[in-house]
Every structure is written in C-alpha cells, then in structure tokens.
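Residue numbering for the sequence shown follows my numbering, beginning at 10 and increasing consecutively.
Built from N, CA and C at the ideal position, the CB exists for glycine as well.
This one's a predicted model, so the numbers in the text were calculated from it and none came from an experiment.
First the structure, in the form of structure tokens, and then the observations on it.
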Amino acid sequence: MIHFNPLHKRPALSALILLVMGSGFCQAQELLSDSARKEATEWLKEVKTGHLNTSSARLQKAMAALTTAIATENAAMKLYVDAMKDRFLNPTSMMSRMLNRGGGGYRMMRMPAMNGGRGGNNGRNGSQNESPSSAFSNWRKQNTGNNVAPGFKKALQLQCKWMLLCLKKAEAEKNEREINVSANVLSMLDEVAANAKDVGEQLAMVGGASDVIRTYLNISDYRSETLPDNLMDLNGIFERVLLAPYKENKDVENFRKLWNKRISLELALLMNNTASDKKTAEVEKANFLLKRQWEREKACFELGDQVASLDKMKSLLPGIKDPNDKQRAIRDLEYLLLSPAEKEKLREDRTNRRMPPGGPRF
C-alpha cells in the first residue's frame, strides 16, 4: 500500500506546488485608471528622455574621437592602440578577465588585425601567468612602430572615416531622419582606389581593429541598417547603397556606369593584394574580370537591357575556360531566356518539389 505524507509535513513540496499554482492565488485583474495611465505615461517620457540624452552624449563623444582619428594615419593608429589598451587593462573586458584568471584563454584568442604587425608570434608566446599590463606591453611591441605592416595605418584611417560615416547614418536611422550618403560613399571609394597600391592588402585586415574601436567607444549598438560595418564589404556597399536607386528606377545607363566603377575598384585592390608571380597574377586578373563582367550583364539583363546584355554575354561565354564556371554561366543564360510564364512555372515546380507529400502542413 502506498502512503502519502500530508503536505503540511513536507514544506518544500508545499512551496513548490504553491509556486506552480501561483496564478490561481493572484489578486483579481485590475485595469489601469485614466489617472494611473497618465502617470505611467509621464514616467515613461522621463525615462525615454534620459535614455536619449545619455545616448546622444555617448554618440557625440564617439564622433569627436573618430573625427580626431581621421585627421592623420598616426591619429587613427593612436585610437586603435588606446582601444587595445582598454581591452587588455579594463577589468570588465573579457580579455582582462581571462588574463587575470591565468591567461590560458588569451593565448588561444585571435587578436584583431594581427597581420597589421610583423614581429614576434603575434602575442601568443606569453606565459600562462602573464598579467594584463605585460600582455598589452608585448602586443604593443609586436604591432606598433617599425612592426606595422606597410599600408596598415592608411587602411585604418580609411576604416575610421567609414566608421564615422556609418555612425552618422545609424544615428539618422534611429531618429527616423533621411540622410543621403551616396556622394560620401562614392568619395570614399575614390579615395580607396587612389590608395589601392598601399591599402590593397591591409584593408581586409582592419575589420577586427574597427570592432575593438567600436567597443572602446561604446557604440556597438549604433549600426546602420544600410551601410555595412566594413569598408572592404564592397558587395554590400554597391548592392545596398549605390546600385539600389538605379535598379529601382530602371536607370540602366547609370547602373552600368556604377558596375564598371565597381569592377575597376575591385580589380585595383585585387592586383595589389596578390602574392602571385606576374604571369599567374595576369591569369587571375583575366578570370576575375570575366566573372565580374558576366555578373554585370546578368544584372543589366534582369533590369531590362536584354538585347545589349545578351550580345555581351554571347561574346563573354567562349572566354570562360573553367568547366564548372561555364556550366553555371550556361544555366544562368538558360534561365534568363525563359519567358515570364516559363519562369513562373519553374518556380512553382521547385516549390512543389520542396513541399512534403500531401501538400503544406499547418
């Protein structure tokens, strides 16, 4: 026979049952009165105003720091070093906590923009008991002064300029205010192109540095919905910012011009970011150029410039030598040449193939 102990003899179980059934013992629901609603609304307004004032002060401080940083390459580097110092020495940072616990995790962490420095073992040769201050000292020795890779400071300066533009755009978006940054973006891309020889290899290396700076300036929550975080994200910049208006208005002429600008810029960066010999570099350049031209014609065909795009694609297709690339190009063209009705039927067939037997399940 099973015996049950009375609940009053099992206080822990009684408390648990009351907790689970708590909703049944709550007071009756009560709606807000008009005066209570008004009081809560006024309170929320004060909270919101305080939050906006705090955010605005934080934003202005970050903008001032970035404005100072973009003045010179050395100023940009100083901001980065200050940010790294904070990352090592700030007691609340993950890096500092790991080092204070013995440093085991520090040696395994990938440091941002390590390729910007050329000396030592990139900070991974410290002892497990390395203090935050000595770890930062070692990092600074290996990643500043003569150990800074050529072009790194310039790339960092350009990235800081981009961060400032992104911050202004993000602030406008948060306040639901329109701000057109296309001219600023084009100007920045022109500056990148003019410095491609110096920054071609290093521009991809400063993304990690910008993340550290963003954390240091306490602006990680200020990110633009339109502009990518990193200047090296040329695909995002062109697709989301520059090409989008011409695509929407079906302005093929300016759409093509911008595509050509994109190809020229990417090509300049590619040619200054290759360790290949001259012959191999020329082959890489030709293959890259062919792929980008094909993508441009696909985009222009879809935009409505079908006759001109088809002629160009016919001339480009024989130059594609890689079998896989050629097969993809043929499939691209097969799809583009379908009528609207055929494309719709193809989409339906693909949807049906993905659908489970018996139709959709709800």
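With fewer than 16 other Cβ atoms inside 10 Å of its own Cβ, Gly313 counts as exposed.
Comparing alpha carbon positions, the residue from Ser102, Ala85, Leu167, Leu98 closest to Thr153 is Ala85.
With a threshold of 16 other beta carbon atoms within 10 Å, Trp52 falls short and is exposed. Residue burial annotation: Ile222 is buried, with at least 16 other C-beta atoms found within 10 angstroms of its C-beta. Listed in chain order, the alpha helix (DSSP H) runs fully inside the region 211-265 are 216-225, 243-246, 252-257, counting runs of at least 4 residues. With a cutoff of 9 Å on beta-carbon distance, Leu252 and Ala308 are scored as near each other. For Ile339, the enclosing alpha helix (DSSP H) begins and ends at 332-345. Just measuring C-alpha positions, the residue of Met107, Leu176, Asp331, Asp220 sitting nearest Glu234 is Leu176.
Secondary structure note for Asp314: it is in no alpha helix (DSSP H), with a DSSP letter that is neither H nor E.
Scanning its chain for C-beta atoms nearer than 7 Å, with the 5 sequence neighbours on each side dropped, one finds around Lys256 the residues Phe264, Leu312, in chain order. Around the Cβ of Leu108, a 10 Å sphere holds 16 or more other Cβ atoms; the residue is buried. Between the alpha carbons of Ile339 and Glu210 lies a distance of about 34 Å. The continuous stretches of alpha helix (DSSP H) do not include Ser140, and DSSP gives it neither H nor E. In this structure, the straight-line span from the alpha carbon of Pro141 to that of Ser318 is close to 59 Å. By the CB criterion at 9 Å, Leu68 and Ala78 fall outside the cutoff. For the pair Gln168 and Leu226, the CB atoms are not nearer than the 9 Å cut-off. Collapsing the DSSP output to three states places Gln38 in coil. In the DSSP assignment, Ser105 falls within the alpha helix (DSSP H) that extends over 103-109. Counted as a single uninterrupted DSSP element, the alpha helix (DSSP H) harbouring Ser196 occupies residues 191-203. The Cβ atoms of Met322 and Glu306 lie closer than 9 Å to each other. Nearest to Asn184 by C-alpha distance, out of Tyr231, Ser219, Leu198, Val250, is Tyr231. Secondary structure at Asp207: helix, using DSSP grouped into helix, strand and coil. In the three-state reduction of the DSSP assignment, Ala80 falls in the coil class. Cα atoms of Asp331 and Lys300: separation of roughly 11 Å, rounded to the nearest angstrom. In this structure, the beta-carbon distance from Ala218 to Leu279 does not fall below 9 Å. In the three-state scheme derived from DSSP, where H, G and I count as helix and E and B as strand, Asn152 is classed as helix.
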